[in-house]
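These protein sequences, in sequence, are chains Z and S. Going by my numbering, the residue at position 136 of the first sequence is 136; the numbering climbs one at a time, nothing skipped. Going by my numbering, the residue at position 78 of the second sequence is 78; the numbering climbs one at a time, nothing skipped. For every residue, glycine included, the Cβ atom is placed at its ideal position computed from N, Cα and C. Values in this document were obtained by computation on a predicted structure and should not be read as measured data. Just below is one structure, and these are the notes that go with it.
Number of protein chains: 2
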Amino acid sequence: MKRFVLIEQLLKDKGIRLTTQRRLVVRRAVSHLHFTAEELVADVRAIEPSVARGTVYRVLILLHEAGVLEKHDFWHGPPYYEVTFGKAHHDHLMCVQCGEIIEFQEPRWERLQEEVVKQHGYQLLSHTHKLYGLCERCQHVDPKRASKPPHLHVEEVVA
Amino acid sequence: MKRFVLIEQLLKDKGIRLTTQRRLVVRRAVSHLHFTAEELVADVRAIEPSVARGTVYRVLILLHEAGVLEKHDFWHGPPYYEVTFGKAHHDHLMCVQCGEIIEFQEPRWERLQEEVVKQHGYQLLSHTHKLYGLCERCQHVDPKRASKPPHLHVEEVVA
DNA sequence: CTAAAATTGAGACTGAGTCTCAACTAGATT
DNA sequence: AATCTAGTTGAGACTCAGTCTCAATTTTAG
Chain Z
1 MKRFVLIEQL
11 LKDKGIRLTT
21 QRRLVVRRAV
31 SHLHFTAEEL
41 VADVRAIEPS
51 VARGTVYRVL
61 ILLHEAGVLE
71 KHDFWHGPPY
81 YEVTFGKAHH
91 DHLMCVQCGE
101 IIEFQEPRWE
111 RLQEEVVKQH
121 GYQLLSHTHK
131 LYGLCERCQH
141 VDPKRASKPP
151 HLHVEEVVA
Chain S
1 MKRFVLIEQL
11 LKDKGIRLTT
21 QRRLVVRRAV
31 SHLHFTAEEL
41 VADVRAIEPS
51 VARGTVYRVL
61 ILLHEAGVLE
71 KHDFWHGPPY
81 YEVTFGKAHH
91 DHLMCVQCGE
101 IIEFQEPRWE
111 RLQEEVVKQH
121 GYQLLSHTHK
131 LYGLCERCQH
141 VDPKRASKPP
151 HLHVEEVVA
């Protein structure tokens, strides 16, 4: 089953109307690994130019409220979004110099986490774990000569 | 030794000039646990109204580049900053409803982390680990009736 | 089919953060 | 201590992501 179909079902179950625009935005969002809001706006408009910016942003809020969208913030540049629905939970390791992002899983953390959360009487909804560092390549570049991080790339576009 | 003196030394060692304004901003920043940029601007100006907003933001960038400032982003509202210099590393557990923030330490994570990072040939610079959930109190409130998270409070002001 | 409710597009608006530039220091040099 | 100069500042214009407003449109319920 396609991921976007399941997400559409999820939204429907929450009583959210599935309009043509929303379907389109969801499908385009799902097709990227990481994307900025403006990239998504452009991407959607390439297909259907009449879709308003506001509509795209509103869908992002819906996805967030449905708990299937993560936001990754950096010092430079706009946040990147990621539709997490149907993906195994993973954490991120990023190079602060070149912007490379590595996704990885670490089940041992997940367990420790539950423990800590329960101790404080919390009900866990989500979590993010981000490691910042220098990748192999960038470790060998003189930091004084290195240019500012260019702005993080979108890793890959998947159908 | 006061924390801000050590931070000033750190900046000096990096060849950064210590102006009156910078000293003031650093001191005010250190005196809060978490703060927004605009809160810091207001706080600094309460003491020295002539300090420009730009100056405050520039100090935040310096602290960030010196690796002693963390930024915490949320969906609603502006990011919160935190001067981490001289504090034992800790992670955050936040209530998405009322904005309560709990700081905790978990040494077992730190070890696992190093492991993962090395596997990928990275040199670790920093990391953040954030858990989002509902605190005891908010678990018992009907989510439909609950108001949007008000905006996160600054926990406490320490001298 | 009609009415009520939700959604949309368009564009104005907000607010955090950045940039520009002339005036002004901090700190090195004498 | 006086001088020099590169780095810093204040003021305000500017940018840009994201939000809001509202009339027009679409959807769903009856």
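Just curious, the beta strand (DSSP E) that residue i is in, first and last residue?
i: residue 33 of chain S; result: Run containing residue 33 of chain S: none; DSSP gives neither H nor E here.
i: residue 128 of chain Z; result: 123-134
i: residue 104 of chain S; result: 101-104
i: residue 92 of chain S; result: 91-95
i: residue 69 of chain S; result: 69-72
So the alpha helix (DSSP H) residue i belongs to, where does it begin and stop?
i: residue 4 of chain S; result: 3-13
i: residue 48 of chain Z; result: Element bounds for residue 48 of chain Z: n/a, residue is neither H nor E.
i: residue 60 of chain Z; result: 53-65
i: residue 117 of chain S; result: 107-119
Might you give, ordered along the chain, the residues of its own chain that have their beta carbon closer than 7 angstroms to the beta carbon of residue i, omitting 5 neighbours on each side?
i: residue 26 of chain Z; result: 4, 7, 8, 59
i: residue 88 of chain Z; result: 105
i: residue 86 of chain Z; result: 3, 6
i: residue 95 of chain S; result: 133, 134, 135, 138
i: residue 53 of chain S; result: 41
i: residue 147 of chain Z; result: Model confidence at residue 147 of chain Z stands at a pLDDT of 39, short of 50, so the residue's coordinates are unreliable; what they give is reported in the following sentence. Within the same chain, residue 147 of chain Z has no close Cβ partners at all.
i: residue 128 of chain S; result: 70
Can you have a look at residue i and say buried or exposed, based on whether 16 or more other CB atoms are within 10 angstroms of its CB?
i: residue 137 of chain S; result: exposed
i: residue 108 of chain Z; result: exposed
i: residue 34 of chain Z; result: buried
i: residue 17 of chain Z; result: exposed
i: residue 32 of chain S; result: buried
i: residue 123 of chain Z; result: exposed
i: residue 14 of chain Z; result: exposed
i: residue 114 of chain Z; result: exposed
i: residue 22 of chain Z; result: buried
Give me, in chain order, the residues of the same chain whose beta-carbon lies closer than 8 angstroms to that of residue i; leave out the 5 immediate sequence neighbours on both sides.
i: residue 90 of chain S; result: 103, 104, 105
i: residue 47 of chain Z; result: 24, 28
i: residue 10 of chain S; result: 66, 68, 85
i: residue 38 of chain Z; result: 78
i: residue 72 of chain S; result: 34, 79, 80, 81, 82, 92, 128, 130
i: residue 125 of chain S; result: 67
i: residue 110 of chain S; result: 89
Return no unless some Cβ of chain Z is closer than 8 angstroms to the Cβ of residue i.
i: residue 106 of chain S; result: yes
i: residue 136 of chain S; result: yes
i: residue 164 of chain S; result: Only positions 1 to 159 of chain S appear in the structure, and residue 164 of chain S is not among them; the question remains open.
i: residue 132 of chain S; result: yes
i: residue 64 of chain S; result: yes
i: residue 33 of chain S; result: no
With a threshold of 8 angstroms between beta-carbons, can residue i be considered close to chain S, or not?
i: residue 26 of chain Z; result: no
i: residue 122 of chain Z; result: yes
i: residue 71 of chain Z; result: yes
i: residue 128 of chain Z; result: yes
i: residue 83 of chain Z; result: no
i: residue 59 of chain Z; result: no
i: residue 113 of chain Z; result: yes
What does a CB cutoff of less than 6 angstroms around residue i pick up in its chain, not counting 5 residues either side in sequence?
i: residue 78 of chain S; result: 36
i: residue 93 of chain S; result: 102, 131
i: residue 82 of chain Z; result: 34, 70
i: residue 30 of chain Z; result: 3, 4, 83
i: residue 63 of chain S; result: 69
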